[in-house]
Amino acid sequence: MKIFNTLTRKKDEFTPINEGKVGIYVCGPTVYDYIHIGNARPMIVFDTLRRYFEYKGYEVNYVSNFTDVDDKIIKKAIAEGVESTVISERFIEECKKDMASLNVKEATTHPKATEEIDDMIAMVQTLIEKDYAYEVNGTVYFRTRKFSDYGKLSKKNLDDLRGGNRELLVSGQDEKEDTLDFVLWKPKKEGEPSWPSPWGEGRPGWHLECSVMSKKYIGDVIDIHAGGEDLIFPHHENEIAQSEAANDKEFARYWMHNGFLKIDNEKMSKSLGNFFTVREIGDKYDLQVIRFFMLSAHYRSPLNFSAELVESSKNGLDRIKTAAARIEEAVSAGVEGDMTATETENVLAIDAFVKKYEDAMEDDLNTADAISVVFELVKLVNTSIVAGESTKAYAEKAYDTLKLLCDILGINVKEEAVLLDEEIENLIQERQDARKAKNFARADEIRNLLTEKGIILEDTREGVRWKRA
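So the sequence shown is residues 626 to 1094, counted in my numbering.
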């Protein structure tokens, strides 16, 4: 598989660190509100990357964090008069619901920044000991110029950053040795959450969090580090600097970044009134359509979100699902026995489509071309399968292949049955019984099942309330 590596600015052949295994780290959201449609793009893109690696037989360790301590979280908590953990935990749960609605698989690990503070302090201590960091009045800064490779990902020159492009500077104060030095640890402010450290009460800098969590859950060296292109500088650049300075090893071998999402050719902005959460989009469109829409363009290309383009994706997805339903009917009414000579030739064509699909996916995850292959397959089966006339064996081959190719994209070709109210009530009762029996694994399993079906549970003093998402 070839991956366009932001570090080298070319397509590099992917070779895993450990044969048959791949570690992927994707920067997750800051959980202070519902995720917006821009957040959804990297979630969908890199979930599809994961699915393809799994299809190819890799054991995938997929890590995506939640930033659960941040200025925005603190601001919202103060406004509501609650602890910041109330805000972060609320929106972690909401984020997971939206991810399930988008058919994004749960990460192998979803680490939270606040649960890894000890390891963050340890990394800062290591950087201070190696003279890559220094403390001033409770703030610890990273000596950017001491790291000779700074700028290798973003291709930014340190002298240019300092001399002219002030907007690129990581903001700081006069106490820094150099304006380019960035914060590793910041001192406590009144009313903010904090943790004890050798430099006083405080909390970690944002860049530090991902370096520590990726190291703990994947290792010193990551196979693939991914995220939106807005993270290249300064976030990912700073991750590289502090990680490689601390660990004396390459931080990540391949860097993947998805392009920006625009709304009607405008940058998404609350001031422009074109800022949409996934939840709001889900009120207008089936989120399977949104996933299909996102994958219909190459992940590195800018993507324009508009009603017309989404409607086009809906029509395309309907074509695929209609074909799948026709084939499924043909399987049920299929003629027993060997395939005809024409069907045997068509099977060869189907196998060729699979190879063409794989070639597209292995060319830097070209989902747009892969979807084009799916439509070629749909065209073939629409003209060659007739219920009651086609053999069962041929219909099954066509259905299994169509389902497989769509499953890799995270697209369900079969409409899932909607749970009836009575079925929901029965599952809720079963969950309550499981909790009383301390069978918490089964209780969680039922809750997850209901979440996947778009059923939101709320545990209250009066009992469990539910509603459809």
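We put the beta carbon where it would ideally sit given N, CA and C, even for glycine.
Three-state class that DSSP yields for residue i in the structure shown
{"i": "D943", "result": "helix"}
{"i": "S689", "result": "strand"}
{"i": "K627", "result": "strand"}
{"i": "A758", "result": "strand"}
{"i": "M668", "result": "helix"}
{"i": "R925", "result": "coil"}
{"i": "D806", "result": "coil"}
{"i": "G788", "result": "Its pLDDT being 44, under 50, G788 is placed unreliably by the model, and the measurement read from it follows with that caveat. Correct three-state label for G788: helix."}
{"i": "G1088", "result": "strand"}
{"i": "H735", "result": "coil"}
{"i": "E740", "result": "helix"}
{"i": "Y657", "result": "coil"}
{"i": "E869", "result": "helix"}
{"i": "L727", "result": "coil"}
{"i": "D637", "result": "strand"}
{"i": "R675", "result": "helix"}
{"i": "V795", "result": "Bear in mind that a pLDDT of 47 at V795, under 50, signals an unreliable position, so the number given afterwards is only what the model happens to contain. Coil, per DSSP."}
{"i": "K781", "result": "coil"}
{"i": "I642", "result": "coil"}
{"i": "E968", "result": "helix"}
{"i": "I1071", "result": "helix"}
{"i": "F772", "result": "coil"}
{"i": "G663", "result": "helix"}
{"i": "F978", "result": "helix"}
Continuous beta strand (DSSP E) stretch holding residue i: start and end
{"i": "E961", "result": "Note, E961: premise wrong, no beta strand (DSSP E); not H, not E."}
{"i": "W820", "result": "It is not in any beta strand (DSSP E) - W820 carries neither H nor E in the DSSP assignment."}
{"i": "N883", "result": "877–883"}
{"i": "G907", "result": "Where G907 is concerned, there is no enclosing beta strand (DSSP E), although the alpha helix (DSSP H) it sits in stretches over 903–909."}
{"i": "A851", "result": "847–853"}
{"i": "K646", "result": "646–651"}
{"i": "F918", "result": "From DSSP, F918 is part of no beta strand (DSSP E) but of the alpha helix (DSSP H) over 912–920."}
{"i": "Y766", "result": "764–767"}
{"i": "L886", "result": "886–888"}
Nearest residue (CA-CA) to residue i, options the options
{"i": "L920", "options": "N643, T673, R1072", "result": "T673"}
{"i": "A871", "options": "A948, E754, V694", "result": "E754"}
{"i": "R675", "options": "I712, G706, I660, E731", "result": "E731"}
{"i": "Y1019", "options": "T992, I975, E987", "result": "I975"}
{"i": "G1079", "options": "A725, N686, K646, V694", "result": "A725"}
{"i": "K814", "options": "L805, K801, P829", "result": "P829"}
{"i": "I847", "options": "A1066, G706, E1047, G648", "result": "G648"}
{"i": "G763", "options": "P821, V688, T751", "result": "P821"}
{"i": "K1028", "options": "F716, D873, M964, R951", "result": "R951"}
{"i": "F1000", "options": "N1051, R944, L1034", "result": "R944"}
{"i": "Y1024", "options": "G1035, N1007, L1034", "result": "N1007"}
{"i": "Y659", "options": "E679, A977, Y650, K701", "result": "K701"}
{"i": "I1036", "options": "A995, A955, K841, D1058", "result": "A995"}
{"i": "T640", "options": "V1003, M626, C652", "result": "M626"}
{"i": "E854", "options": "S709, E826, F885, N863", "result": "F885"}
{"i": "A949", "options": "K1022, A985, L934", "result": "K1022"}
{"i": "L928", "options": "A665, G653, C720", "result": "A665"}
{"i": "K1004", "options": "T947, E983, I1053, E953", "result": "T947"}
{"i": "V729", "options": "L783, G653, E638", "result": "G653"}
{"i": "Q1054", "options": "F901, L1034, G1088", "result": "G1088"}
{"i": "E679", "options": "I742, V761, K841, D1032", "result": "D1032"}
{"i": "A877", "options": "A1066, Y650, R904, D911", "result": "Y650"}
{"i": "Y757", "options": "D744, E1070, D803, K781", "result": "D803"}
Residue range of the unbroken alpha helix (DSSP H) whose run includes residue i
{"i": "W831", "result": "831–842"}
{"i": "E1055", "result": "1046–1061"}
{"i": "V999", "result": "992–1009"}
{"i": "I1033", "result": "1017–1033"}
{"i": "D696", "result": "696–705"}
Near the ligand FAD: residue i beta-carbon under 6 angstroms from a heavy atom
{"i": "D994", "result": "With respect to small molecules bound, the structure shown includes none, and the ligand FAD cannot be examined in it."}
Inter-residue CB distance, residue i and residue j (contact presumed, cutoff 8 angstroms)
{"i": "I857", "j": "H882", "result": "6 angstroms"}
{"i": "I628", "j": "Y657", "result": "I628 to Y657, Cβ: 32 angstroms. No contact."}
{"i": "N686", "j": "I843", "result": "6 angstroms"}
{"i": "K681", "j": "I1081", "result": "35 angstroms between Cβ atoms; not a contact."}
{"i": "L1030", "j": "L1052", "result": "About 32 angstroms separates the two Cβ atoms, so there is no contact after all."}
{"i": "F978", "j": "L1002", "result": "5 angstroms"}
{"i": "S926", "j": "D889", "result": "Actually they do not touch by this definition, with Cβ atoms about 17 angstroms apart."}
{"i": "L783", "j": "L752", "result": "With a Cβ gap of about 18 angstroms, L783 and L752 do not count as contacting."}
| task | Taking 8 angstroms as the threshold, find out whether the region 764–773 comes into contact with the region 801–809 through three or more Cβ pairs. | result | Contact between the region 764–773 and the region 801–809 is present, with at least three C-beta pairs closer than 8 angstroms.
| Any contact of the region 737–746 with the region 688–700, i.e. 3+ C-beta pairs under 8 angstroms? | Contact between the region 737–746 and the region 688–700 is established, with three or more Cβ pairs separated by less than 8 angstroms.
| query | Touch check for the region 962–975 and the region 1009–1018: three-plus C-beta pairs under 8 angstroms? | reply | Yes, they touch.
| query | Does the region 831–848 touch the region 743–757, meaning 3 or more C-beta pairs lie closer than 8 angstroms? | reply | Contact between the region 743–757 and the region 831–848 is present, with at least three C-beta pairs closer than 8 angstroms.
| query | Are at least three pairs of beta-carbons, each pair with one atom in the region 768–786 and one in the region 862–869, less than 8 angstroms apart? | reply | Result yes; three or more Cβ-Cβ pairs closer than 8 angstroms.
| query | Would you call the region 956–966 and the region 927–942 in contact, with 3 or more CB pairs under 8 angstroms? | reply | The region 956–966 vs the region 927–942: no contact.
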